[in-house]
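Peer 1: The numbers in UniProt numbering rise by one with no breaks, and the one at position 23 of the sequence shown is 23. Can you keep this structure in mind? I'll have questions shortly.
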Amino acid sequence: MKIFSAAQIREADAYTIAHEPVSSAMLMERAAAACAGWLRARFMADTPLYIFCGKGNNGGDGLVIARLLLLRGYNVEVYVVHNSDKTSADRAANYTLLEKEHPHLLHHIHARHDFPTLAPGALVIDAIFGTGLSRPVDGWVAGILHSISELKDRHTIVAIDMPSGVMADGSSLHAPCVHARYTLSFEFYKLAFLLPENAERVGELHILPIGLHPTYIAQTTTPYHIIDEQTIRTIYQPRKPFSHKGTFGHALLIAGSFGKMGAAVLAAKACLRAGVGLLTLHVPRCGYEIIQSTVPAAMCVAEVEEQYSIHFHEGLNPAYKCIGVGPGIGTETATARSLERLLEAVKAPMVLDADALNIIGTYPALLQKVPKNSLLTPHPKEFERLFGATSDDFERLSLLGKKAVELQLYILLKGRYTAIACPDGAVYFNTTGNPGMATGGSGDVLTGILTSLLAQGYSPKAAIVFGVWLHGSAGDQAAARLSEEALLPEDIIDSLGQVFIRLSPDKRI
Ligand SMILES: NC(=O)C1=CN([C@@H]2O[C@H](COP(=O)(O)OP(=O)(O)OC[C@H]3O[C@@H](n4cnc5c(N)ncnc54)[C@H](OP(=O)(O)O)[C@@H]3O)[C@@H](O)[C@H]2O)[C@@H](O)CC1
Ligand SMILES: [K+]
């Protein structure tokens, strides 16, 4: 699913009006009807409802929502926020319509002291600004956004299309914004919704389809995409009946050290469950019995070195189709030296995570030695160590994209919506996964999955997009069974099977 900019959304709007028998007023009606339907399904007609409307089309949506809910007997008051002397035509027409039928329900806000006192338990609809916001809000209008946000703990705030004050395509980190409990947005995710700095403002996000023209959507390019199940189904390759273990590749995982063998065990189990044909683990001496007894399906190469692996660049089996390195290996100087030699020796794309990334953070010259098209999986702190600090999430996203192109690597940035930046400039956001997965070990599971998919012959782009989605989906399956609180990385591994079954329904017994 594509993520469009505010300008492209306006074009989609205009294209739909030009190519379908629908006027801009009808499109507004459609958008408002989708919101009214959503609200009616969740809130009773006697809920006191306050709708704050701006002077643009977002305000127009608010006025139509008011009219539609009044028709259903809802208890509505409308407050027009006079943020501008100008108004849009569709908004003006809907204002006239409402004024004719319900003049006593219309109120006007020209200053902060015009803000009303709300009845207890009220529902507040924020339809002040949407995708047309062109600059940070200031003055008394900023005060109104503030007054709405202050209601958050006592009232339910629902933002229409965007929480007012949030810019669709740029940072509004320090700008006054409405903090909504729910955001009902039309047709597309907006880039701003996917970045952590807006999490508290957007609240629970619902995307409501309003039938924008499919041709415009298909023809228009954007670097930003949401990973959806439809895309995953085109990537996933079900197994053929005459397959054998050689068909699914031989992976090497370099993981674990004294006190961190759990990382190796988790990565190994995930690698196997994600379908690799053969798996070898390279561990220090202290890990040998652990691996042999907990992951019997894997082969194990143990070093003479007791606590840390420092010779993993030596004697690499040419049969390895993919090497994953990092979980729990530690950051000893000798380990770093071995990593450098490994990076010099290997030409095929690898998976680098955790301590491998921390080592590269300490010796940044190593970045240039990472084989092209490798997968790097930093969390935000590791990302900062690798590429430096940024002042907001938009700047960080742009740095992520820039580095992926410059270094010709796939770099993902872990988060609620993990972002995957590709060497061709595309960025994919993943929506699967849940806060239960924010546990030590969850990243090791991802490393195992990615190494497995690369070894099986998935292209680096297919492997990272599929792998991140799979990891999140398995986490969601596990959380549904066990709760987010009780979720352990092992449960993500155990749920991988259910996700594969979901992808290939014909395999169900
Ligand atoms: N295709 C779709 O998805 C559909 C979209 N639809 C809806 O249209 C919405 C977009 O409408 P839009 O373009 O009229 O812009 P909108 O968000 O109402 O803001 C414009 C107002 O903001 C003002 N303003 C701006 N910055 C300001 C500031 N800093 N401080 C103060 N004022 C500021 C600006 O004032 P001006 O700059 O003119 O003085 C003007 O009054 C979209 O979000 C969705 O809700 C549906 O109806 C149909 C299908
Ligand atoms: K809004």
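No residue lacks a Cβ here, since even glycine has one placed at the ideal position from N, Cα and C.
Please report the Cβ distance between Ile157 and Cys35, rounded to the nearest whole angstrom; I am assuming they are in contact, meaning their Cβ atoms lie under 8 Å.
Peer 2: Position 157 of the sequence shown, counting from 1, holds the residue named residue 157. Position 35 of the sequence shown, counting from 1, holds the residue named residue 35. For Ile157 against Cys35, the beta-carbon gap comes to about 14 Å, at or over 8 Å, which does not count as contact.
Peer 1: Would you check if the distance between the CB atom of Trp469 and the CB atom of Asn434 is smaller than 7 Å?
Peer 2: Locating residue 469 in the sequence shown gives position 469, where the first residue counts as 1. Locating residue 434 in the sequence shown gives position 434, where the first residue counts as 1. Contact flag unset, no.
Peer 1: Along the chain, where does the beta strand (DSSP E) that runs through Asn373 open and close?
Peer 2: Walking along the sequence shown from the start, residue 373 turns up at place 373. Premise fails: Asn373 is in no beta strand (DSSP E) and is neither H nor E.
Peer 1: Following a CB-centred definition, is Asn58 positioned closer than 6 Å to any heavy atom of ligand 2?
Peer 2: One-based indexing of the sequence shown puts residue 58 at position 58. True, at least one ligand heavy atom lies under 6 Å from that Cβ.
Peer 1: What number of angstroms, rounded off, separates the C-alpha of Gly73 from the C-alpha of His102?
Peer 2: Numbered from its first residue, the sequence shown carries residue 73 at position 73. Numbered from its first residue, the sequence shown carries residue 102 at position 102. Gly73 and His102: Cα-Cα distance of roughly 13 Å.
Peer 1: Which word fits Val304, buried or exposed, when buried means at least 16 other C-beta atoms lie within 10 angstroms of its C-beta?
Peer 2: On the sequence shown, residue 304 is found 304 positions in, with the first residue counted as 1. By the Cβ neighbour-count rule, Val304 is exposed, with fewer than 16 other Cβ atoms within 10 Å of its own.
Peer 1: Hey, is Arg201 close to ligand 4, as in C-beta under 6 Å from one of its heavy atoms?
Peer 2: Ligand 4 is absent from the structure shown, which contains only ligand 1 and ligand 2.
Peer 1: Can you tell me which of Leu191, Arg385, Pro349 and Asp228 puts its alpha carbon nearest to the alpha carbon of Ile359?
Peer 2: Taking the sequence shown and counting its residues from 1, the one referred to as residue 359 is at position 359. Comparing Cα-Cα distances from Ile359 to each of Leu191, Arg385, Pro349 and Asp228, the minimum goes to Arg385.
Peer 1: Can you give the beta carbon distance from Ala264 to Ile291, rounded, assuming they're within the 8 Å contact cut?
Peer 2: For the purposes of this step, residue 264 is taken as residue 264 along the sequence shown, with counting starting at 1. For the purposes of this step, residue 291 is taken as residue 291 along the sequence shown, with counting starting at 1. Going by Cβ atoms, the distance from Ala264 to Ile291 rounds to 7 Å, so yes, they are a contact pair.
Peer 1: Among residues of its own chain, excluding the 5 on either side of Leu173, which ones have a beta-carbon nearer than 6 Å to its beta-carbon?
Peer 2: Within the sequence shown, numbered from 1, the residue matching residue 173 stands at position 173. Here the set comprises Glu197 and Asp392.
Peer 1: Counting along the chain, where does the beta strand (DSSP E) carrying Ser185 start and finish?
Peer 2: Position 185 of the sequence shown, counted from the first residue, corresponds to residue 185. Per DSSP, Ser185 belongs to the beta strand (DSSP E) from Tyr182 to Phe186.
Peer 1: Are the Cβ atoms of Ser84 and Ile128 separated by less than 7 Å?
Peer 2: Locating residue 84 in the sequence shown gives position 84, counting from the first residue. Locating residue 128 in the sequence shown gives position 128, counting from the first residue. Cβ distance not < 7 Å, so Ser84 and Ile128 don't count as in contact.
Peer 1: Report the option in Tyr95, His250, Glu229 and Val202 whose CA atom is closest to the CA atom of Leu316.
Peer 2: As a working mapping, residue 316 is identified with position 316 in the sequence shown. Ranking the options by Cα distance to Leu316, first place goes to His250.
Peer 1: Keeping to the same chain, check which residues put their C-beta closer than 6 Å to that of residue 511; ignore five residues upstream and five downstream.
Peer 2: No information on residue 511 is available, as it lies outside the stretch 1 to 509 that the chain covers here.
Peer 1: What did DSSP end up calling Cys177 once you bin it into helix, strand or coil?
Peer 2: On the sequence shown, position 177 is the one that residue 177 refers to. Coil at Cys177, not helix or strand.
Peer 1: Compare the beta carbon distance of Glu29 and Tyr50 with 7 Å and say whether it is the shorter of the two.
Peer 2: Position 29 of the sequence shown, counting from 1, holds the residue named residue 29. Position 50 of the sequence shown, counting from 1, holds the residue named residue 50. The Cβ atoms of Glu29 and Tyr50 do not sit closer than 7 Å to each other.
Peer 1: Could you check what DSSP says for Glu77 in three-state terms: helix, strand or coil?
Peer 2: The count along the sequence shown starts at 1 and reaches residue 77 at position 77. It is a strand residue.
Peer 1: Going along the chain, which residues of its own chain have a beta-carbon closer than 6 Å to the beta-carbon of Ile509, five neighbours each way excluded?
Peer 2: Residue numbering aside, residue 509 sits at position 509 when the sequence shown is read from its first letter. Note on Ile509: pLDDT 46, under 50, position unreliable in the model; the coordinate value appears next. Same-chain partners within the cutoff: there are none.
Peer 1: Do you know how far the Cα of Ala168 is from the Cα of Ser338?
Peer 2: If you number the sequence shown from 1, residue 338 lands on position 338. If you number the sequence shown from 1, residue 168 lands on position 168. Near 45 Å, if we compare the C-alpha coordinates of Ala168 and Ser338.
Peer 1: Can you grab the Cα-Cα spacing for the pair Glu344 / Ala356, in whole Å?
Peer 2: Here residue 344 refers to the residue found at position 344 of the sequence shown. Here residue 356 refers to the residue found at position 356 of the sequence shown. Rounded to the nearest angstrom, the two C-alpha atoms are 14 Å apart.
Peer 1: Whole angstroms are fine: how far does the CA of Tyr308 sit from the CA of Pro371?
Peer 2: Position 371 of the sequence shown holds residue 371. Position 308 of the sequence shown holds residue 308. If you take the alpha carbons of Pro371 and Tyr308, they lie about 24 Å apart.
Peer 1: Where does Asp153 land, buried or exposed, given buried means 16+ other C-beta within 10 angstroms?
Peer 2: Here residue 153 is taken as the residue at index 153 of the sequence shown, counted from 1. Classification of Asp153: exposed, given that the 10 Å Cβ count is below 16.
Peer 1: For Lys461, which of Leu376, Ala180, Val80 and Val166 has the nearest alpha-carbon?
Peer 2: To locate residue 461, count along the sequence shown from 1; it is residue 461. Checking every option, the nearest Cα to that of Lys461 belongs to Leu376.
Peer 1: Among residues of its own chain, excluding the 5 on either side of Ser495, which ones have a beta-carbon nearer than 6 Å to its beta-carbon?
Peer 2: Indexing the sequence shown from 1 puts residue 495 at position 495. Ala474, Gln477 and Ala478.
Peer 1: Leu352 and Gly330: beta carbons closer than 7 Å?
Peer 2: As a first step, residue 352 must be located in the sequence shown, where it is residue number 352. As a first step, residue 330 must be located in the sequence shown, where it is residue number 330. Result no, Cβ atoms of Leu352 and Gly330 do not sit closer than 7 Å.
Peer 1: Assign Met162 to buried or exposed, taking buried as 16 or more other Cβ atoms, counted over all protein chains shown, within 10 Å of its Cβ.
Peer 2: Within the sequence shown, residue 162 is the residue found at index 162, counting from 1. Buried, since its Cβ has 16 or more Cβ neighbours within 10 Å.
Peer 1: Beta-carbon of Ile128 versus every beta-carbon of chain C: anything under 7 Å?
Peer 2: Absent from the structure is chain C; it holds one protein chain and no more.
Peer 1: Using a threshold of 6 Å, is the CB atom of Ala127 nearer than that to any non-hydrogen atom of ligand 2?
Peer 2: The residue labelled residue 127 in the question sits at position 127 within the sequence shown. Yes, the beta carbon of Ala127 sits closer than 6 Å to at least one heavy atom of ligand 2.
Peer 1: Taking 6 Å as the cut-off, is the CB of Lys190 close to at least one heavy atom of ligand 1?
Peer 2: Within the sequence shown, the letter at position 190 stands for residue 190. Answer for Lys190: no, Cβ out of range of ligand 1.
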